[in-house]
Every structure is written in C-alpha cells, then in structure tokens.
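>
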DNA sequence: TAATAATTTTAGACTTGTCTAAAAATTTTT
DNA sequence: AAAAATTTTTAGACAAGTCTAAAATTATTA
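Residue numbers (the working numbering), protein chains in the order written: chain A, 145 to 363; chain B, 145 to 363.
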C-alpha cells in the first residue's frame, strides 16, 4: 500500500493535471510537471497502470482510477498539512514552503500525519488557500472567488493565491497581504481596472493583474 | 554538500560504531547496522572515501575524518530534534519515534531544522536522554549515570534509557516512568539487587536489570 | 487525403545502491 | 609457522528510475 517517492510524485502530478483537462492527461503534460523526459513518463505510466492505479491506453494518455485518486489525495493531504505547519509554527513564508513540503510529503507514517492534523486543529485550507483532504481523502473544493470580482464595500478575507511564484508571494508579503488578511474594495478604477483597498490598518492600491491572482472568501 | 539518503545512513552508522570501538570501524559492524551485505559496505566505503568523508584502507576498516564527522553530526542532530518534536508535540511514545525519525532525518533544509530547534526551545537532550548537537555540530556528552548506581535518598531525574527496545520502553510507560520523572531510591535489596523507588506520586519496585538500563541525572 | 509535424513509444544504455559467488587478505588456532 | 577460519574485497549481475535516439502513431495542414 506504499509507493516510492517517484511514483507518489507522478500520482500527484496526474491528479493536478486531470483537474484542468477533465480527467485524461497526456504524456507531455506530466513530463513537464515532474521534470522528466516523455519516454520516462511512458515507462512510469505502464508501471502505475500495472499496479492498478491508473487507466492507460497507448497514445491516449492516462486517468487515475479510484485507487490512484485515493493515493494521490493522501500525498496532497500530507503536502498541505506540512505547508500549514511550516507557516503557522516554523516562521516560513508562503514562498518558502513548497520546496520543503515536497520532501515532507513522502514521509510514511499514518500516526505522524494524523497527529500533525490534530496538532494543527484540523485545518481545511493550506497557506495558499487550497483545501486539505481529511483522513478519508475528502475535501471541499473551495468556493473562493478572485479579489478582482469582489464588489465594492463587500468585506472579504484572503484565503490564497492563484499564482504561486516566489515573486508574487514576496510582493504580497511586502504589502502585508497574507492568509487571513481582511480586504474591502473601496473603489474600482474604471480606466485601468486597479483597486483601492482597505485592509485592517491601512489603505493601498493594487493593479487589476494582482487582484486577479488573489483568492478571497466573503465574510 | 548534500548526501544521498543511503550515504547519510552510512555516515551515521559509522559515527555510532566509532564511539564504541575508538575510531576505526570494521566492514561487518556497519553491515549489521545498515542491514546490508559486507560487499555492499565495501563499495560504499570506497565511494565515501573518494568523496573525502572518511579514511579507508583496504582490509583495515574506516574512520570518519572531520568532514565526515560534521556530516554525521548534522544527521544525528536532525534525528534527535525530530524525535523530540514527535514526543513533546505529537503524542508519540518513546518506542514509536525511531522509525519515523529515521525518515525525517533525511529532509534537506537548514531553515527547517533551525526553526524546529527554536520551536522546541533549543533542547539539549532527546527523549532517550542522548545529547542533541547544536547548529555547529557541538554536543555535550552527557554525564548521566545509571539508576542502579544512584545512592539511597539521592534524588534523580530520568533522562533516558540504555536499552531502546520497544518492550523495554513500553514496560517503562506502563510503570509511568518517562523523561523527566523524578526518582529516589528508598532501599537497595542486597539479596537480588532490586530497588525500591519513590516517584512523584507512588512507590514501586524494579529489578536490578531494569535499573541498569535507565539513565538519571542528579537533581 | 496525402504530406508534414507533433506526440508517444520502444530499444538500448547509464547510475545508484544493492546482491551472490568467488578470490584475496587477515586473523586465529593448532 | 603452517593450516584453518574469518573477514574483506572483487567481479559480475540486477532493479528502479532515468536518459537518448530511433520508430511508431496520431494530429495538422495544405
């Protein structure tokens, strides 16, 4: 019931790719995600298929079956719980967690991950606003919205970002926008789409492009 | 500057073996520790030697040089900090931590381990009473003593165990003896060497054999 | 729809870390 | 100190995961 580090990375990559492409995923998409050549990906598809984790037809791409989905969700659960821990208890910034969580997600211990979950008080969102699957692999797909779509005077709280690049996350840190920051749109500038925002302790202006990459929930 | 999981395990094993055998360690000793055949160990000795981590002369065994010692101490530091975390924050028992810490010790991130150290408030002993190297690799070798050598009426505090087997650790859990438990010897039974002990909230009797496997510090 | 382009797969090779079996060196015994 | 036993090393092989180069398939375009 336990998979190699490499296989776990493939499962996770396929899961994420499947969410955009409605289930079936081509070889090259995974090659890009896992940083391997397409020929290597083909080999792995065959192996995972033989292990009963995904459906694979030559030249047609793959899709995760129930076992595969379950396995992928466990890896994602671990990744997101560790990211949460790093940010809330070890002073990591948004943009620093990913590389370390990529390693921690492969630690094999049910007790470890369930105790970590409890220690964090069963969080439902990671520091990027993405939902954390519970023990059973269930997660609520967030009904978060983009800041750019928030109505004037409707208060919202930042729950994550769309763009995960270091540049963007560092930009937000500098502006003191983080997970849980309350934001209210004061004014929509029609000319260029920029927004005037009220945060807890100040007002600021951000471009439309920035606002298209910040997720908020209504409060 | 970063070594593979397998190499880290060899370095750690050599470090520990060297402490008993005064520096130079034979092939078979390591084979037993890492669970590999002697021929595999020879191969790895050659590799680590080429990487400048240890001194190796055919048929003569190996010893860690300064680089090797430093690398081994970093792995030991990580192992012991993770063990501490598991026990103090994630409700792991003494006997459950080892297997998980064996995995966690290979995570590569300076920030992670130094923040964990800070989070735990820079502990100097792990849950087995062994010293934790600091960032620089320095650790104070414990001047702990065995419970069996504690004088009558001299209060001590449990700082660790000599025997790390699950059976023994579970036995102690059942008797409510753990890290930090205060113990005073009320009486030494001459006939069989057994001890009558006073703990915080009760008295109990343990055999000489048990007392030979519990480390205490004077308080 | 035939030619061209792009994607995917196969075939064969390489690396890391391991193994077995046999050879070499060292240690112990007599 | 020679014979026997033990330890260590060498030689060759294997599994996992990757690669390159070439072949096969599918998609695109003219």
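Where a beta carbon is used, it is the ideal one built from N, C-alpha and C, also for glycine.
Taking DSSP's pairing of strands, which residues face residue 201 of chain A in a bridge?
Numbered from its first residue, the first chain carries residue 201 of chain A at position 57. In the DSSP output, where bridge partners are listed per residue, residue 201 of chain A has A:205.
> Is the CB-CB distance between residue 301 of chain A and residue 331 of chain A below 8 Å?
Here residue 301 of chain A refers to the residue found at position 157 when the first chain is read from its first residue. Here residue 331 of chain A refers to the residue found at position 187 when the first chain is read from its first residue. No; because the gap between Cβ atoms is not below 8 Å, this pair is not in contact.
> Would you give the residue range spanned by the beta strand (DSSP E) that residue 303 of chain B belongs to?
Your numbering for residue 303 of chain B matches position 159 in the second chain. That run of the beta strand (DSSP E) goes 300-305.
> In angstroms with no decimal places, state the Cα-to-Cα distance between residue 262 of chain A and residue 231 of chain B.
For the purposes of this step, residue 262 of chain A is taken as residue 118 along the first chain, with counting starting at 1. For the purposes of this step, residue 231 of chain B is taken as residue 87 along the second chain, with counting starting at 1. Cα-Cα distance, rounded: 14 Å.
> Kindly identify the DSSP beta-bridge partner or partners of residue 350 of chain A.
Reading the first chain from its first residue, position 206 is the one you call residue 350 of chain A. Paired residues: A:339.
> Using the beta-carbon of each residue, which ones in chain B are nearer than 9 Å to residue 263 of chain A?
In the first chain, residue 263 of chain A corresponds to position 119, counting from 1. Ordered by position in chain B, the residues that pass the 9 Å Cβ test against residue 263 of chain A are 233, 234 and 235.
> So residue 205 of chain A and residue 171 of chain A are supposed to be a Cβ contact under 8 Å. How far apart are they, rounded?
By 1-based counting over the first chain, the position of residue 205 of chain A is 61. By 1-based counting over the first chain, the position of residue 171 of chain A is 27. Contact holds; Cβ gap of about 7 Å.
> Roughly how many whole angstroms lie between the Cα atoms of residue 293 of chain B and residue 348 of chain B?
Sequence index remark: in the second chain, residue 293 of chain B carries index 149 (1-based). Sequence index remark: in the second chain, residue 348 of chain B carries index 204 (1-based). Near 17 Å, if we compare the C-alpha coordinates of residue 348 of chain B and residue 293 of chain B.
> What whole-angstrom Cβ distance do residue 338 of chain B and residue 350 of chain B have, given they're in contact under 8 Å?
In the second chain, the residue the question calls residue 338 of chain B occupies position 194. In the second chain, the residue the question calls residue 350 of chain B occupies position 206. Residue 338 of chain B to residue 350 of chain B, Cβ: 7 Å. Contact.
> Taking the beta strand (DSSP E) that residue 326 of chain B falls in, what are its first and last residues?
In the second chain, the residue the question calls residue 326 of chain B occupies position 182. Where residue 326 of chain B is concerned, the enclosing beta strand (DSSP E) stretches over 326-332.
> What number of angstroms, rounded off, separates the C-alpha of residue 313 of chain B from the C-alpha of residue 344 of chain A?
For the purposes of this step, residue 313 of chain B is taken as the residue at position 169 of the second chain. For the purposes of this step, residue 344 of chain A is taken as the residue at position 200 of the first chain. Residue 313 of chain B and residue 344 of chain A: Cα-Cα distance of roughly 51 Å.
> Against chain B, does residue 240 of chain A count as a neighbour if the rule is that its beta carbon must be under 8 Å from one of theirs?
Stepping through the first chain from its first residue, residue 240 of chain A is reached at position 96. Closer than 8 Å: yes.
> Could one say the Cβ of residue 253 of chain B lies closer than 8 Å to chain A's Cβ atoms, at least one of them?
Your numbering for residue 253 of chain B matches position 109 in the second chain. Yes, contact with chain A.
> Out of curiosity, what's the CA-to-CA distance linking residue 208 of chain A and residue 219 of chain A?
Numbered from 1 along the first chain, position 64 holds the residue referred to as residue 208 of chain A. Numbered from 1 along the first chain, position 75 holds the residue referred to as residue 219 of chain A. Cα-Cα distance, rounded: 14 Å.
> Please confirm whether residue 247 of chain B has its beta-carbon closer than 8 Å to some beta-carbon of chain A.
As a first step, residue 247 of chain B is located in the second chain; it is residue number 103 there, counting from the start. Judged by the 8 Å Cβ criterion, residue 247 of chain B is in contact with chain A.
> Does the distance from the C-beta atom of residue 221 of chain B to that of residue 267 of chain B stay below 8 Å?
Here residue 221 of chain B is taken as the residue at index 77 of the second chain, counted from 1. Here residue 267 of chain B is taken as the residue at index 123 of the second chain, counted from 1. For residue 221 of chain B and residue 267 of chain B, no; Cβs fall outside 8 Å.
> Under a three-way DSSP split, which group does residue 237 of chain B fall into?
Here the question's residue 237 of chain B lines up with position 93 in the second chain. Here residue 237 of chain B sits in coil by DSSP.
> Cβ of residue 257 of chain A within 8 Å of Cβ of residue 291 of chain A?
By one-based count along the first chain, residue 257 of chain A stands at place 113. By one-based count along the first chain, residue 291 of chain A stands at place 147. Their beta carbons are not under 8 Å apart, which means residue 257 of chain A does not touch residue 291 of chain A by this criterion.
> List, in chain order, every chain A residue whose beta-carbon is nearer than 8 Å to that of residue 244 of chain B.
Within the second chain, numbered from 1, the residue matching residue 244 of chain B stands at position 100. Near residue 244 of chain B (Cβ distances below 8 Å), the residues of chain A are 251, 253, 255 and 256.
> For residue 280 of chain A, tell me which candidate among A:342, A:216, A:228 and A:324 has the shortest Cα-Cα distance.
In the first chain, counting from the first residue as 1, residue 280 of chain A sits at position 136. Among A:342, A:216, A:228 and A:324, the Cα nearest to that of residue 280 of chain A belongs to A:216.
> Hey, how far is the Cα of residue 150 of chain B from the Cα of residue 242 of chain B?
Start at 1 with the first residue of the second chain, and residue 150 of chain B comes out as number 6. Start at 1 with the first residue of the second chain, and residue 242 of chain B comes out as number 98. Those two C-alpha atoms are separated by around 17 Å.
> Please confirm whether residue 169 of chain A and residue 180 of chain A have their CB atoms less than 8 Å apart.
By one-based count along the first chain, residue 169 of chain A stands at place 25. By one-based count along the first chain, residue 180 of chain A stands at place 36. Not closer than 8 Å, so no.
> So which residues of chain A does residue 259 of chain B contact, with C-beta pairs closer than 9 Å?
Taking the second chain and counting its residues from 1, the one referred to as residue 259 of chain B is at position 115. 230, 233, 234, 235 and 236, listed in chain order.
> What are the boundary residues of the beta strand (DSSP E) that residue 359 of chain B is part of?
As a first step, residue 359 of chain B is located in the second chain; it is residue number 215 there, counting from the start. First-last of the beta strand (DSSP E) with residue 359 of chain B: 358-362.
> Where residue 306 of chain B and residue 152 of chain A are concerned, what is the direct C-alpha to C-alpha distance, given to the nearest angstrom?
Indexing the second chain from 1 puts residue 306 of chain B at position 162. Indexing the first chain from 1 puts residue 152 of chain A at position 8. Using only the alpha carbons, I get a separation of about 38 Å.
> With distances taken between CB atoms, is the gap from residue 359 of chain B to residue 304 of chain B smaller than 8 Å?
In the second chain, residue 359 of chain B corresponds to position 215, counting from 1. In the second chain, residue 304 of chain B corresponds to position 160, counting from 1. In contact: residue 359 of chain B and residue 304 of chain B (Cβ atoms closer than 8 Å).
> Any idea what DSSP makes of residue 170 of chain B, helix, strand or coil?
The sequence position of residue 170 of chain B within the second chain is 26, counting from 1. In the structure shown, residue 170 of chain B sits in coil (DSSP, three-state: anything other than H, G, I, E or B).
> Where does residue 182 of chain A fall in DSSP's three states?
Along the first chain, read from residue 1 onward, the residue named residue 182 of chain A stands at position 38. Three-state result, residue 182 of chain A: helix.
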